[in-house]
């Protein structure tokens, strides 16, 4: 890498966050921390915004867990888990392509992990299949790191409050601090930002195709190419065309 | 032939002893008379089954034969006076009659001694069947008498009420001591049962207690709690922050009072609120602005006793399942108040709430089952634990009886 490597840190406890930042600044001064997230939702949203080279992820966080964020990152960056889980669970990491740090992070352990990370940075990140396998394993080995899925969303439409069945939603679109929910016959606004709704939706049925857009797979009519890098999605029952960002183009590769 | 009978006897004996030991074996006994007998044994109360089994185990083999021989000799000796009272009978007849009566009484006494539960429960059925058999026996006897020594029918009819009264009276007179035996035995069995139940309850109490001690131990050394707290101490200490000393003090408080909890079964609310306060202070340093808390304990309730660990389990749940998974955090309110003869202790969190409460005990280990068990053991039906939707968050209410000092 010619430029300085960029780093994202996600950790929900302020002192742990501070500690990792300080130790990282000492041990790896050339790295540039582009985002410090306090929960999994911000981490994923920030990842899409900054596209860092390395993500240090706490496993147990509010919103998306570290495992869910890593799953979404896939092979787009190098992931280092930061965890207080005991040795039993940590054994799973040793077999995998993912690095980990035990909390509370100690300087010598961090240096060792960084040395390994630097050699890996020269290569492309862990391939998606191995990562997926590891994450599936971890999700069963580590209890209590999964969010519940939402079935209903309360949203205001004009002066009414409607209870929307998520399956009927065509797509969600981020609108600054609100989220626009588009259905076949009408659309609604909710006060929850899209990044916080994301984790409560089933990722197999609702595809994120852009930092600001999540679409119901059943509502996708077609995806069409605009140029070498960009695509757009045509939605059944809506005239809108939704942009697919570069990060998510792989979803539509044959 | 003889060998066959011996085999049949041995096999049946094994089957019955098996059922006496493990009543569920009755399901493998082949249908028919043997199944009926086995079922009767299996339906006996456990204490009774054990007594019968002990008896059957001690009276078998040579001891059984010697006893039978001794009884036969005794009954035969009894026939000597009988013979002189009723000179009309032959010696063989007297001996035979004495043995029939003797063994019948022995059988009846053994039944009363071991099948007391059913006999006491079905007293009137017993009386009726004794009367029924007496009348049946009388009629049979008269029939036999008519056949051997024909007498005029009028003579028999004239003596019938007298004979019937005599026979039924004898039957009932024998029944009274037998019933008395059964009732006495039944009362003993009840006492044994009560004792067994007390012991089982005590064992259960001990098990619940050690389980909650284990939970406490696990809470202290849980990697997330201990390592993250020590990490926070380390981080604060590195910068010489005065909060490092404060956090350490709270951690020490928490560990010390939880060790005190481990040694006792009950603690005062004041002590338990102290434990919870040191825990919440530790968590507050770690979680920062995401955790706010308040504790409300009226002075009058400070000395109320509560089983250990209950309050801490609820507060831990509020943090672990309410505040920590919540993006914005929330406030934990721990309060106690007197409510017509009871004390209500409430833990309310402003966290993620009911819909995301994780799996019940087992995988998630919310400890709520343990809390319920311990409340039941300490107060029976007088205490309760209820979970309510706090909107936002969850409310856990524990109600215990309030013994006014």
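Chains as they are written, first to last, in the numbering used here: chain R, 1 to 254; chain L, 1001 to 1405.
From the three backbone atoms N, C-alpha and C, an ideal C-beta is built for every residue, glycine too.
Based on Cα-Cα distance, which residue from L:1267, L:1295, L:1327, L:1298 lies nearest to residue 1288 (chain L)? L:1327
What does the Cβ neighbour count give for residue 1126 (chain L), buried or exposed, with the cut at 16 atoms within 10 Å? Residue 1126 (chain L) comes out buried.
Beta-carbon proximity list for residue 1253 (chain L), same chain, < 6 Å, skipping 5 on both sides: 1278
Chain R residues whose Cβ lies nearer than 8 Å to that of residue 1278 (chain L): None at all; the shortest Cβ gap to chain R is about 18 Å.
Residue 45 (chain R) and residue 191 (chain R): beta carbons closer than 8 Å? no
If we ignore side chains and look at the alpha-carbon of each, how far apart do residue 36 (chain R) and residue 217 (chain R) end up? 32 Å
Selection of the region 1321-1346 of chain L by Cβ proximity to chain R, strictly under 8 Å: 1324, 1325, 1326, 1327
Which one of R:105, R:41, R:70, R:114 has the shortest CA to CA distance from residue 198 (chain R)? R:41
Note down, in chain order, all residues in the region 1199-1232 of chain L with a beta-carbon under 8 Å from any beta-carbon belonging to chain R. 1223, 1224, 1227, 1228, 1230, 1231, 1232
What are the boundary residues of the alpha helix (DSSP H) that residue 1342 (chain L) is part of? Counting along the chain, residue 1342 (chain L) falls outside any alpha helix (DSSP H), though it belongs to the beta strand (DSSP E) covering 1342-1349.
So, does the region 11-25 of chain R touch the region 166-186 of chain R, judging by three or more C-beta pairs under 8 Å? no
Test: residue 100 (chain R) CB closer than 8 Å to a CB of chain L: no
So with CB distances below 7 Å, who are the chain L contacts of residue 19 (chain R)? Residues of chain L passing the Cβ test: 1231, 1235.
Going by DSSP, what residues sit across from residue 1400 (chain L) in a beta bridge? Answer by DSSP bridge pairing, in chain order: L:1343.
Are the Cβ atoms of residue 15 (chain R) and residue 1286 (chain L) separated by less than 8 Å? Yes, they are a contact pair.
Exposed unless 16 or more other CB atoms sit within 10 angstroms - verdict on residue 250 (chain R): Here residue 250 (chain R) is exposed, its C-beta having fewer than 16 other C-beta atoms within 10 Å.
When the Cα atoms are used, what is the spatial distance from residue 240 (chain R) to residue 232 (chain R)? Approximately 10 Å between the Cα atoms of the pair.
Taking three-plus beta-carbon pairs below 8 Å as touching, is the region 1388-1403 of chain L in contact with the region 1305-1321 of chain L? Enough Cβ pairs lie closer than 8 Å, so yes.
In this structure, does DSSP put residue 242 (chain R) in helix, strand or coil? strand
Between the beta-carbon of residue 1385 (chain L) and the beta-carbon of residue 1395 (chain L), is there less than 8 Å? With contacts defined by Cβ atoms closer than 8 Å, residue 1385 (chain L) and residue 1395 (chain L) do not form a contacting pair.
According to DSSP, is residue 1357 (chain L) helix, strand or coil? Its pLDDT being 48, under 50, residue 1357 (chain L) is placed unreliably in this model, and the value from its coordinates should be taken loosely. Three-state DSSP puts residue 1357 (chain L) in coil, outside helix and strand.
What number of angstroms, rounded off, separates the C-alpha of residue 1123 (chain L) from the C-alpha of residue 1112 (chain L)? 11 Å
Terminal residues of the alpha helix (DSSP H) in which residue 192 (chain R) lies: Careful: residue 192 (chain R) lies outside any alpha helix (DSSP H) and carries neither H nor E.
Rank R:175, R:150, R:180, R:177 by C-alpha distance to the C-alpha of residue 166 (chain R) and give the top, closest one. R:150
Are the C-beta of residue 216 (chain R) and some C-beta of chain L separated by less than 8 Å? At a cut-off of 8 Å between C-beta atoms, residue 216 (chain R) does not count as an interface residue with respect to chain L.
Near residue 1183 (chain L), what residues of its chain come up, given a Cβ to Cβ distance below 7 Å and the 5 sequence neighbours on each side ignored? Only 1120 meet the Cβ criterion.
Just to confirm the assignment, what range does the beta strand (DSSP E) spanning residue 210 (chain R) have? 206-210
Should residue 245 (chain R) and residue 170 (chain R) be called a contact, given that it needs their Cβ atoms to be closer than 8 Å? no
Return helix, strand or coil for residue 1330 (chain L), following the three-state DSSP convention. strand
Taking the C-alpha atoms as reference points, what is the distance between residue 1090 (chain L) and residue 1098 (chain L)? 12 Å
Do residue 1258 (chain L) and residue 1374 (chain L) count as a contact pair if the criterion is CB distance below 8 Å? For residue 1374 (chain L) and residue 1258 (chain L), no; Cβs fall outside 8 Å.
Over the uninterrupted beta strand (DSSP E) stretch that includes residue 37 (chain R), give me the two end residues. 32-37
In chain L, which residues lie with their C-beta within 7 Å of the C-beta of residue 39 (chain R)? 1327
Counting only Cβ-Cβ distances shorter than 9 Å, please list the residues of the region 1006-1019 of chain L near chain R, keeping chain order. none
What does residue 215 (chain R) pair with, by DSSP beta-bridge criteria? Answer is R:171, R:207, bridged to residue 215 (chain R).
Just to confirm the assignment: which complete beta strand (DSSP E) runs, minimum length 3, are found wholly within the region 1238-1287 of chain L? 1266-1268
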